[in-house]
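Participant: Just so we're aligned, residue 1 is where the sequence shown starts under our numbering, counting upward by one.
Encoded as structure tokens, here's the structure I'll be asking about.
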Amino acid sequence: MTELKKAIDQISKDRGIDRDLLIDTLEEAVRSSVIRKYGENLDVEVSYNDEQGEIEVYQFKVVVEDDDVADPAVEICLADARAIDPNVALDDEMGFKLTVENLGRIAAQSAKQVIIQRMRDAEQEIIYEEYKDRKGEIISGIIQRRDRTGWIINLGRTEALLPKEEQIPRERYKRGDRVQAYIIEVLPSGRGPQIIVSRTHAEYMKALFSREVPEVSDGTVKIVGVARDPGSRAKVAVVSKDRDVDPVGACVGIRGSRIQNIVQELRGERIDIVVWNPEIASYAANALSPARVTRISVDEDEKALEVVVSDDQLNLAIGRKGQNVKLAAKLLGWKIDIFTESRFREVNASKKFLEQLASVAEIPVDNILAAGFESMEELAGAPDEAIDAISGMTPSKRDDLRAALKLMGAVAAHTEDDADEAGETPVEDAEAPAEEATPASPEAEDADAPAETEAADTPIEDAAQTPPEAEATAPEASPETANAVDAADNEPGTDTTR
Numbered sequence: 001m002t003e004l005k006k007a008i009d010q011i012s013k014d015r016g017i018d019r020d021l022l023i024d025t026l027e028e029a030v031r032s033s034v035i036r037k038y039g040e041n042l043d044v045e046v047s048y049n050d051e052q053g054e055i056e057v058y059q060f061k062v063v064v065e066d067d068d069v070a071d072p073a074v075e076i077c078l079a080d081a082r083a084i085d086p087n088v089a090l091d092d093e094m095g096f097k098l099t100v101e102n103l104g105r106i107a108a109q110s111a112k113q114v115i116i117q118r119m120r121d122a123e124q125e126i127i128y129e130e131y132k133d134r135k136g137e138i139i140s141g142i143i144q145r146r147d148r149t150g151w152i153i154n155l156g157r158t159e160a161l162l163p164k165e166e167q168i169p170r171e172r173y174k175r176g177d178r179v180q181a182y183i184i185e186v187l188p189s190g191r192g193p194q195i196i197v198s199r200t201h202a203e204y205m206k207a208l209f210s211r212e213v214p215e216v217s218d219g220t221v222k223i224v225g226v227a228r229d230p231g232s233r234a235k236v237a238v239v240s241k242d243r244d245v246d247p248v249g250a251c252v253g254i255r256g257s258r259i260q261n262i263v264q265e266l267r268g269e270r271i272d273i274v275v276w277n278p279e280i281a282s283y284a285a286n287a288l289s290p291a292r293v294t295r296i297s298v299d300e301d302e303k304a305l306e307v308v309v310s311d312d313q314l315n316l317a318i319g320r321k322g323q324n325v326k327l328a329a330k331l332l333g334w335k336i337d338i339f340t341e342s343r344f345r346e347v348n349a350s351k352k353f354l355e356q357l358a359s360v361a362e363i364p365v366d367n368i369l370a371a372g373f374e375s376m377e378e379l380a381g382a383p384d385e386a387i388d389a390i391s392g393m394t395p396s397k398r399d400d401l402r403a404a405l406k407l408m409g410a411v412a413a414h415t416e417d418d419a420d421e422a423g424e425t426p427v428e429d430a431e432a433p434a435e436e437a438t439p440a441s442p443e444a445e446d447a448d449a450p451a452e453t454e455a456a457d458t459p460i461e462d463a464a465q466t467p468p469e470a471e472a473t474a475p476e477a478s479p480e481t482a483n484a485v486d487a488a489d490n491e492p493g494t495d496t497t498r
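Now the structure itself:
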């Protein structure tokens, strides 16, 4: 067996490239080298002799009259042709064997480049065909090196890229570490790794549950949604198709064994398991666990929720840096505004006063709100020009509004005096809302204003301007709703809600 034949067999075996493809690539490379050396007009044929294990190159020339030779590279005169083969005739083609070793260094280098490129293309095609249907699977590999785009993971026959934006924050790797990741994309070709993986993708969480929980794998328990703050906390909504199977208990496992495997894989990321409910109010109450919700107002048109919690539950509802409410909003796909009971009463009281004033002035209350007035005090202190700017306002209506403001101010003052005599505090001068009275803690920053967040993780803002439109009272959270199931046995890193 020649060296060339051994090389072909070895490369085919090691890299998994089809042997015939390698031979075709080799023939094409030699042909391009011959043309580079002798010119493009040359009529050559390149073939691999498997028995002898070598490349054979033949140059073909057409037999012409002795005086009609125009290009010696492709034509030969009849006399010279008959000197080689007496039986040759005009217009016949004669083949002459060329020696591959005489191609020269440049031609050999060109052949090498063609072979390398063709082998690379063949390998990429093989990898693509192998992994294109594995998108959405979890793979395991070894950290090999780091480049400007992320970490390169060795998968054996090929490599995968873990981009920086797909890495869990504060997670550190070193060469030789074994890591698991989720395949999010397989590229057909290109420079660098063809397989792109992620450890922060929401579908990665689903895949881990499918691997660890048989009920999820066989479809008995369905994961409806996942919201993640990678490396810190996640919320997973589940529902059972079998009335006899508890979805939360199935995901948690005996003494939290199943959920803890997932938590460890995600480097301690806390996971809240909540029960999905077709009623958005009940679903929202579950998603905001461990906070206990007392009331929820639903705006179907705007896909917005106004959630009311007791003053001592505000920190839990918002969470650290707004994390709890942001994840809940992302899980539901709805905008969520959170009020304390005291703040909610203030907002409603101000709205009722404004509605009474709007009735006296015979204009819609929305016109007053659109002008930027949110309380009776703001209207009382506003100049005539600002009041006249309200849509639908006239001088006579303004005078009626002023009179009503004086009357309502006197009533409020009389109510305050009566309350002082009785040892009570009127609503207007009530103790500051829980947002202000409760000292700031790590569990809720900026808790002095209603928490407002959207599914796109917008910053927490003041939600006092949005009155409740369609009110739906959420059922009181039961121990099964607010607390972790007994099966979790209060394992760290796990928060479950039924």
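Glycine included, C-beta positions come from ideal geometry on N, C-alpha and C.
Given the structure is predicted, the values throughout are model-derived calculations rather than measurements.
Among the residues of its own chain, which have a CB less than 6 Å from the CB of leucine 327, if the five just before and after it don't count?
Facilitator: If we look at leucine 327 and ignore the five residues flanking it on each side, its Cβ neighbours are Ala227, Lys235.
Participant: Where does proline 188 fall in DSSP's three states?
Facilitator: Coil.
Participant: Opposite glutamate 54 in the DSSP bridges: which residues?
Facilitator: Bridge partners of glutamate 54: Asn49.
Participant: Bridge partners for glutamate 93 per DSSP, in chain order?
Facilitator: Glutamate 93 is bridged to Val62.
Participant: If I measure Cβ to Cβ from arginine 19 and keep anything under 8 Å in the same chain, skipping five residues before and after, which residues do I get?
Facilitator: Once the five neighbours on either side are set aside, the close Cβ partners of arginine 19 are Ile8, Asp9, Ser12.
Participant: Out of Glu302, Asp299, Thr294, point me to the one whose CA is closest to aspartate 312's CA.
Facilitator: Per the Cα distances, Thr294.
Participant: Look up serine 232 in the DSSP assignment and say whether it is helix, strand or coil.
Facilitator: Correct three-state label for serine 232: coil.
Participant: Please report the distance separating the alpha-carbon of isoleucine 139 from that of serine 310.
Facilitator: In a straight line, the C-alpha of isoleucine 139 is about 46 Å away from that of serine 310.
Participant: Give every residue of the same chain whose Cβ lies closer than 6 Å to the Cβ of alanine 304, excluding the five residues on either side of it in the sequence, and list them in chain order.
Facilitator: Excluding positions up to five away in sequence, the list reads Lys335.
Participant: How many angstroms separate the CA atom of aspartate 67 from the CA atom of alanine 89?
Facilitator: Computed Cα separation, rounded: 15 Å.
Participant: Report yes if the C-beta distance between valine 252 and isoleucine 273 is below 9 Å; otherwise report no.
Facilitator: Yes; because the gap between Cβ atoms is below 9 Å, this pair is in contact.
Participant: In the DSSP assignment, find the unbroken alpha helix (DSSP H) run with serine 391 in it and report its ends.
Facilitator: Per DSSP, serine 391 belongs to no alpha helix (DSSP H) and is neither H nor E.
Participant: Helix, strand or coil: how does DSSP classify asparagine 315 here?
Facilitator: Helix at asparagine 315.
Participant: Which residues share a DSSP beta bridge with phenylalanine 339?
Facilitator: Paired residue(s): Val308.
Participant: Whole-angstrom Cβ separation of isoleucine 262 and phenylalanine 209, contact assumed at under 8 Å?
Facilitator: Going by Cβ atoms, the distance from isoleucine 262 to phenylalanine 209 rounds to 7 Å, so yes, they are a contact pair.
Participant: Have a look at arginine 292 and isoleucine 338 and give me their C-alpha separation to the nearest angstrom.
Facilitator: Their Cα atoms are separated by approximately 12 Å.
Participant: Would you please state the rounded distance, in angstroms, between the beta carbons of arginine 118 and threonine 25? I believe it to be under 8 Å.
Facilitator: With 8 Å as the limit, arginine 118 and threonine 25 qualify as a contact, their Cβ atoms being about 4 Å apart.
Participant: Could you pull the DSSP bridge partners for glutamate 75 from this structure?
Facilitator: Beta-bridge pairing links glutamate 75 to Val62.
Participant: Are valine 62 and aspartate 91 closer than 9 Å when you measure CB to CB?
Facilitator: Yes, these two residues count as a Cβ contact at 9 Å.
Participant: Tell me, to the nearest whole angstrom, how far the beta carbon of glycine 176 is from that of leucine 162; I am working on the premise that it is less than 8 Å.
Facilitator: At roughly 15 Å, the Cβ-Cβ gap does not stay under 8 Å, so glycine 176 and leucine 162 are not in contact.
Participant: When DSSP labels each residue in this structure, what does lysine 222 get in the three-state scheme?
Facilitator: Three-state result, lysine 222: strand.
Participant: Report the residue from Lys174, Leu379, Ile35 whose alpha carbon sits nearest the alpha carbon of arginine 146.
Facilitator: The candidate whose alpha carbon is nearest that of arginine 146 is Lys174.
Participant: Could you check how far apart the C-beta atoms of arginine 398 and aspartate 388 are, in whole angstroms? I think they sit under 8 Å.
Facilitator: Confirmed, Cβ separation roughly 6 Å.
Participant: Give the straight-line distance between the Cα atoms of glutamate 215 and isoleucine 195, rounded to the nearest whole angstrom.
Facilitator: Approximately 30 Å, taken between the alpha carbons.
Participant: Just the Cα atoms here: how many angstroms apart are serine 345 and lysine 352?
Facilitator: According to the sequence provided, residue 345 is arginine. The question's serine does not apply to it. If you take the alpha carbons of arginine 345 and lysine 352, they lie about 11 Å apart.
Participant: Any idea which residues DSSP pairs proline 163 with across the strands?
Facilitator: Partner(s): Gly150.
Participant: Exposed or buried, asparagine 324, counting other C-beta atoms within 10 Å across all chains shown (16 or more means buried)?
Facilitator: Counting Cβ neighbours within 10 Å, asparagine 324 comes out buried, since at least 16 surround it.
Participant: In whole angstroms, give me the CA-to-CA distance for proline 395 and glutamine 356.
Facilitator: If I take the Cα positions, the gap works out to 18 Å.
Participant: Could you check what DSSP says for valine 88 in three-state terms: helix, strand or coil?
Facilitator: If DSSP states are grouped into helix, strand and coil, valine 88 belongs with coil.
Participant: Is the beta carbon of valine 275 closer than 9 Å to that of alanine 237?
Facilitator: A contact, by the Cβ cut-off of 9 Å.
Participant: My parser needs the alpha helix (DSSP H) runs of 4 or more residues fully inside the region 249–316; what are they?
Facilitator: Entirely contained in the region 249–316, the alpha helix (DSSP H) runs reaching 4 residues are, in chain order, 257–265, 280–287.
Participant: Note down the Cα distance separating aspartate 43 from glutamine 59, rounded to an integer number of angstroms.
Facilitator: Approximately 6 Å, taken between the alpha carbons.
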